[in-house]
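Novice:
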């Protein structure tokens, strides 16, 4: 498996309405968010508060118990507040019953680590996922929402990206993970954002791999398309990378809407808004720099031409008076 620096967002919903007759009915909603630190607890700081709705519970990853969260999610990296508090509250507002909502946020690793490879090859990571799934009632309808791949097509930690190793690298790994999951799990696959720090052709490759997984199953109840996160451009990010409060609100509402209207029709946009904005900044800088250089050169040429004219006029106004023995004296006409 290739080196991948994954931004993984895995939501698992156990919902009351089952689309598969083999799935049981659950009165409560269970959600698992699986990702690295960028998706689990990095958003605009100090804007996200724990849910006030007592129906919303989070999984304490230290004690492995469900509890009403009143602080930053336990056992996550860093001290930034998680945007998924807001997600829990929004989900609770759409469920008008008194049923409880259980959310587990799993941070698989920090940035620069091959998360996808670890999911597939490291027993500890499989154990983490298995343990979380074991806390959810069996045979209930589950939705898995996956937002992955921002850094997956990049060199890091001496690993080569999927783009070089195999043109089925990403899709095969994700397909294997979906097939491994219980049949009651329904997967939503988001199209990843372009990262201005990586090669656009590699990122486009990952987005097409994600679209290929969605269409290959040909069953929106099993695999369906999620949001195109690249369309949440810089105005929705507080530091050009992580979502601000407005970006998080939009993203959460998109996930909720697309979860309720599952479709496997993929229409990926080839317009990478952040990529073009990033390039526009650089192109603008280059244009300004070139314009400044051209103006500077023009001023220098203009000044040199004035000096040339000045000395040329002095030369034309000089009178030469012949003296004896063909000697000359110079008489300045001025």
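Numbering (UniProt numbering), first residue to last: 1 to 334. Backbone N, C-alpha and C define an ideal beta-carbon position, used for all residues, glycine too.
Using only the alpha-carbon positions, how far apart do residue 28 and residue 137 sit?
Specialist: About 10 Å.
Novice: Using the three-state DSSP reduction, which class does residue 67 fall into: helix, strand or coil?
Specialist: Here residue 67 sits in strand by DSSP.
Novice: For residue 232 versus residue 90, is the C-beta spacing smaller than 9 Å?
Specialist: Contact flag unset, no.
Novice: Please report the straight-line C-alpha distance between residue 185 and residue 292, rounded to a whole angstrom.
Specialist: Distance between the alpha carbons of residue 185 and residue 292: 59 Å.
Novice: What separation, rounded to the nearest whole angstrom, lies between the Cα atoms of residue 33 and residue 296?
Specialist: If you take the alpha carbons of residue 33 and residue 296, they lie about 56 Å apart.
Novice: Buried or exposed: residue 264, going by 16 or more other Cβ atoms within 10 Å of its Cβ?
Specialist: Buried is the call here.
Novice: Measure the C-alpha to C-alpha separation of residue 149 and residue 169 and round it to an integer number of angstroms.
Specialist: Taking the straight line joining both Cα atoms gives about 12 Å.
Novice: Please check the pair residue 189 and residue 210, which I expect to be a contact at CB under 8 Å, by giving their CB distance rounded to whole angstroms.
Specialist: That belief holds up - the Cβ atoms of residue 189 and residue 210 are roughly 5 Å apart, short of 8 Å.
Novice: By alpha-carbon positions, which one of 258, 103 and 30 ends up nearest to residue 140?
Specialist: Of 258, 103 and 30, the residue nearest in Cα terms is 30.
Novice: Could you compute how far the alpha carbon of residue 312 sits from the alpha carbon of residue 305?
Specialist: Roughly 10 Å between the two C-alpha positions.
Novice: When the Cα atoms are used, what is the spatial distance from residue 182 to residue 290?
Specialist: Straight-line Cα distance between these residues: approximately 59 Å.
Novice: Between which two residues does the beta strand (DSSP E) carrying residue 143 extend?
Specialist: From DSSP, the beta strand (DSSP E) with residue 143 extends over 142-147.
Novice: Between which two residues does the beta strand (DSSP E) carrying residue 225 extend?
Specialist: Here the beta strand (DSSP E) through residue 225 covers 223-228.
Novice: In chain order, what residues of the same chain lie with their CB nearer than 7 Å to the CB of residue 236, ignoring the 5 residues before and after it?
Specialist: Result list for residue 236: 243, 244, 246, 247 and 250, in chain order.
Novice: Exposed or buried, which one is residue 13 when buried takes at least 16 other CB atoms within 10 Å?
Specialist: For residue 13, the predicted model reports a pLDDT of 44, less than 50, meaning its position is unreliable; a value from the coordinates is still stated below. Burial call: buried.
Novice: Indicate the three-state DSSP secondary structure (helix, strand or coil) for residue 136 in the structure shown.
Specialist: Residue state, collapsed to three classes: coil.
Novice: With residue 205 as the anchor, note down where its alpha helix (DSSP H) starts and where it stops.
Specialist: Counting along the chain, the alpha helix (DSSP H) containing residue 205 begins and ends at 200-217.
Novice: Which residue marks the beginning of the beta strand (DSSP E) containing residue 189, and which one marks its end?
Specialist: Element bounds for residue 189: 185-191.
Novice: If you draw a straight line from the C-alpha of residue 258 to the C-alpha of residue 224, how long is it?
Specialist: Distance between the alpha carbons of residue 258 and residue 224: 9 Å.
Novice: When every heavy atom of the ligand FMN is checked, does at least one fall within less than 8 Å of the C-beta of residue 175?
Specialist: Among the components modelled here there is no ligand, and therefore nothing to report on the ligand FMN.
Novice: How far does the alpha helix (DSSP H) with residue 253 in it extend, from its first residue to its last?
Specialist: 245-260 is the extent of the alpha helix (DSSP H) around residue 253.
Novice: Would you call residue 147 buried or exposed, if buried means 16 or more other Cβ atoms sit within 10 Å of its Cβ?
Specialist: Looking at its Cβ environment, which holds 16 or more other Cβ atoms inside 10 Å, residue 147 is buried.
Novice: Mind reading off the beta-carbon distance from residue 95 to residue 59? Whole number of angstroms is fine, and I expect it under 8 Å.
Specialist: At roughly 19 Å, the Cβ-Cβ gap does not stay under 8 Å, so residue 95 and residue 59 are not in contact.
Novice: Span of the beta strand (DSSP E) holding residue 27?
Specialist: Note, residue 27: premise wrong, no beta strand (DSSP E); not H, not E.
Novice: By the 10 Å Cβ neighbour count, where 16 or more other Cβ atoms means buried, how is residue 171 classified, buried or exposed?
Specialist: The residue in question, residue 171, is buried, as its Cβ has 16 or more Cβ neighbours within 10 Å.
Novice: Between which two residues does the beta strand (DSSP E) harbouring residue 177 extend?
Specialist: Taken as a continuous stretch (DSSP letters only), residue 177 belongs to no beta strand (DSSP E), being part of the alpha helix (DSSP H) at 169-180.
Novice: Just grab the DSSP bridge partners of residue 91 for me.
Specialist: For residue 91, which the question treats as bridged, DSSP gives no partner whatsoever.
Novice: Note down the Cα distance separating residue 180 from residue 129, rounded to an integer number of angstroms.
Specialist: About 12 Å.
Novice: So residue 227 packs on residue 254, CB below 8 Å; how close in whole Å?
Specialist: 4 Å between Cβ atoms; contact.
Novice: To which residues does DSSP link residue 60 through a beta bridge?
Specialist: BP columns for residue 60 point to 65.
Novice: So, helix, strand or coil for residue 302, using DSSP?
Specialist: Residue state, collapsed to three classes: helix.
Novice: Taking the alpha carbon of residue 23 as the point to measure from, which residue in 56, 88 and 142 has its own alpha carbon closest?
Specialist: With distances taken between Cα atoms, residue 23 lies closest to 142.
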